[in-house]
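Structure, as structure tokens:
2 protein chains.
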Amino acid sequence: MVVYAGQGDPRRSIELLWRAAGAEKRPGPKPGLSVDAIVDAAIAVADEEGIAFSMRAVGERLGRTAMALYTYVPGKNELVDLMYDRAMAELPTSYPLDDGWRPAATRWAHDMWEFYGRHAWVMQVSQARPVLGPHEFAVIEALATILVSTGLPGRELRGIVGAINYFVRGAAQTIAEARAAGGATGEADEEWWYARSAVLLEIEPDLEKKFPMLHLLEQDREPIDPELPYLENDALENFRNGLRVLLDGVEGAVAKP
Amino acid sequence: MVVYAGQGDPRRSIELLWRAAGAEKRPGPKPGLSVDAIVDAAIAVADEEGIAFSMRAVGERLGRTAMALYTYVPGKNELVDLMYDRAMAELPTSYPLDDGWRPAATRWAHDMWEFYGRHAWVMQVSQARPVLGPHEFAVIEALATILVSTGLPGRELRGIVGAINYFVRGAAQTIAEARAAGGATGEADEEWWYARSAVLLEIEPDLEKKFPMLHLLEQDREPIDPELPYLENDALENFRNGLRVLLDGVEGAVAKP
DNA sequence: GAGGTTACTTTACGCCGTAAGGAGTCGCAA
DNA sequence: TTGCGACTCCTTACGGCGTAAAGTAACCTC
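For the record, the sequence lines run as chains A and B.
Going by UniProt numbering, the first sequence opens with residue 1, and the numbers climb by one from there.
Going by UniProt numbering, the second sequence opens with residue 1, and the numbers climb by one from there.
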């Protein structure tokens, strides 16, 4: 199931995201849980099981039933929104511009890259409807601050912010989901990949002739970090080179009128 | 639920993808269905309902039960793989290079953009484990062919192919999922967005002061196509500008040694 | 202490993917 | 011609999911 961000009551969602909770005294038993505790537990579960975690699993981690969560949170969709925004709190909200915008933007991208690696499920939260939480805003504000210092007009910058954002997310998806998928099946990712491509080469031996340019692209590989498994090296190389080209494009826009 | 590509038997999956089916005569009743028919029906259902379509819905569209599908297809994961690759058959496999690589790459990106718009569910298929189907290969081969003509080395091109691919997918996700989500709830997307942001401004009136750079970025908007709704104009503008910057970066790499 | 509000549980409903087993259909060998 | 085995498709059922409904016990205010 695709989890669309925030399909519940808009007011309730936004209030939870921005913690507009009145802390007045109320009758009834003391709350044993809290929205924060639930969100933290849910993030922990999602880090292990992915976005397809169950409300029952979150409840269990807190020593409650699944239904107990519904006292604090309207439903799973809203919980995912809260998880998304809370996870983003891990990220820096500003970057030094002493060496100019480019090192700062590179740092931003690398921080995001690592963030996605820690929380692969984040990339499964629908991007279409923005969560509109404070930490998500802060993260984009950080990138916007870096890029505004280039002096480029807003019209240009919107596309650039989007491009960097999409690129990092896409590049991270390749590697992080691979790890997640391997973890879910218990099968090592390398093995899975080799099994598939071996069968493919067996069934279609002329593959290289049918797709010569793809074959050409695979030339002169060398691992960046021999400690890392094959796929991660691959992804890291693509990430660095892609980011460099993308930022070269930004530099070109800055240099031009 | 996140749908990971191809977690079933690797051999069976690859054989289905590449249609390595022996067409020998067999006993038993004539098959009333076929893999193709099922994949087509599933795509039609997914276009309407998203990746969370049910096997029962696909069966119903074919006048069968859900279980009938399992005669042809090992499971939903494998079916999604087949849908993914078959949908990609809609895309061109080559682009004229008469005007150089840049117009061709731009065309490729726009075709992908429109493709994602037609089949929003494609973007929900996990990218991590490549489907490895013939049409996916052909689509990437087309982009590779365009970019190899720049003369850049493979090491550089891998990152660029990835960057363009990720960027298009990310940019498309913003708009296509927005449409899909609106369709799923029956709620018009514009309304949903306005409802959320209205509540947000009510709860957090100082938003523009807290995130001044984001506010700055929103300056001087003007709709590209007044026929299109707000969000689509927005996404289209970001897509075009982002792609331009990205390709500027590629051009820089071509000009340099 | 009564009454209302709240936290949390139990139970249940309608979905989902799909395993298991059975009914009917056909090709082929005896 | 008949029977067998392979095959398609069905019905039934299982264990999961998110969550609605209703019940129980804790707690504050009057």
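Positions of the beta carbon are idealized from the N, C-alpha and C atoms, including for glycine.
Note that the structure is a prediction, hence the values are computed from the model and not measured.
Determine, for residue i, whether the minimum Cβ-Cβ distance to residues of chain A falls below 8 Å.
i         : result
Glu-15/B  : yes
Asn-233/B : no
Trp-18/B  : yes
Asp-85/B  : no
Glu-90/B  : no
Val-45/B  : no
Gly-249/B : yes
Met-112/B : no
Met-213/B : yes
Thr-174/B : yes
Pro-229/B : no
Ala-66/B  : no
Thr-71/B  : no
Thr-145/B : yes
Phe-115/B : no
Val-254/B : no
Pro-96/B  : no
Arg-155/B : yes
Val-245/B : yes
Ala-104/B : no
State the Cα-Cα distance for the pair residue i and residue j, rounded to the nearest angstrom.
i         : j         : result
Ser-197/B : Met-67/B  : 45 Å
Glu-222/A : Asp-220/B : 46 Å
Met-123/B : Trp-101/A : 31 Å
Gln-127/B : Thr-145/A : 31 Å
Asn-233/B : Pro-74/A  : 33 Å
Leu-236/B : Ala-105/A : 24 Å
Glu-89/B  : Leu-207/A : Residue identity check: residue 89/B is Ala in the sequence provided, not Glu. For Ala-89/B and Leu-207/A, the distance between alpha carbons rounds to 18 Å.
Leu-62/B  : Gly-117/B : 25 Å
Ala-44/A  : Leu-97/B  : 50 Å
Ala-172/A : Pro-27/B  : 49 Å
Asn-241/B : Glu-156/A : 6 Å
Lys-209/B : Gly-170/B : 29 Å
Ile-175/A : Lys-30/B  : 44 Å
Phe-211/A : Ala-255/A : 38 Å
Ala-181/A : Trp-193/A : Caution is warranted here: a pLDDT of 47 is assigned to Ala-181/A, below 50, making its placement in the model unreliable, and the coordinate value is therefore given only provisionally. Their backbone Cα atoms lie some 11 Å apart in a straight line.
Thr-71/A  : Ala-120/A : 27 Å
Asp-9/B   : Gly-32/A  : 46 Å
Thr-65/A  : Ala-46/A  : 17 Å
Thr-93/B  : Phe-239/B : 22 Å
Asn-77/A  : Ser-34/A  : 17 Å
Leu-243/B : Phe-167/A : 11 Å
Asp-85/A  : Glu-49/A  : 19 Å
Ala-253/A : Ala-253/B : 14 Å
Mind checking who residue i pairs with in its DSSP beta bridge?
i         : result
Val-168/B : Beta-bridge pairing links Val-168/B to no other residue.
Taking Cβ positions only, does residue i come closer than 8 Å to chain B?
i             : result
Arg-158/A     : yes
Leu-79/A      : no
Ala-163/A     : yes
Leu-132/A     : yes
residue 259/A : The structure shown has nothing for residue 259/A, since chain A only spans 1 to 257.
Asp-220/A     : yes
residue 258/A : There is no way to answer for residue 258/A, as the model of chain A reaches only from 1 to 257.
Leu-216/A     : yes
residue 258/A : Residue 258/A lies beyond the residue range present for chain A, which begins at 1 and ends at 257; the question has no answer from this structure.
Leu-82/A      : no
Val-58/A      : no
Ala-109/A     : no
Ile-203/A     : yes
Leu-33/A      : no
Glu-141/A     : yes
Gly-170/A     : yes
Phe-53/A      : no
Pro-226/A     : no
Pro-10/A      : yes
Arg-196/A     : yes
Gly-151/A     : no
The stretch 245-254 of chain A / the stretch 40-54 of chain B touching (three or more Cβ pairs under 8 Å): Contact fails between the stretch 245-254 of chain A and the stretch 40-54 of chain B, because fewer than three Cβ pairs, one in each stretch, are under 8 Å apart.
To test your reading of the DSSP string, which unbroken alpha helix (DSSP H) runs of 4 or more residues are found completely within the stretch 73-135 of chain A? As summarised for the stretch 73-135 of chain A, the continuous alpha helix (DSSP H) elements at least 4 residues long and confined to that stretch are 76-88, 101-118, given in chain order.
Looking at C-beta atoms only, is the number of pairs between the stretch 75-84 of chain A and the stretch 119-136 of chain A that lie closer than 8 Å three or more? The answer is yes - the stretch 119-136 of chain A touches the stretch 75-84 of chain A, with three or more Cβ pairs under 8 Å.
Would you call the stretch 107-116 of chain B in contact with the stretch 149-163 of chain B, where contact means no fewer than 3 C-beta pairs closer than 8 Å? Between the stretch 107-116 of chain B and the stretch 149-163 of chain B there are fewer than three C-beta pairs closer than 8 Å, too few to call the two in contact.
I'd like to know if the stretch 9-21 of chain A and the stretch 194-214 of chain B are in contact, where contact means that at least 3 CB-CB pairs between them fall below 8 Å. A contact exists between the stretch 9-21 of chain A and the stretch 194-214 of chain B.
Which runs of the alpha helix (DSSP H) fall wholly inside the stretch 14-73 of chain A and span at least 4 residues, in chain order? Whole alpha helix (DSSP H) segments, 4+ residues: 35-49, 55-61.
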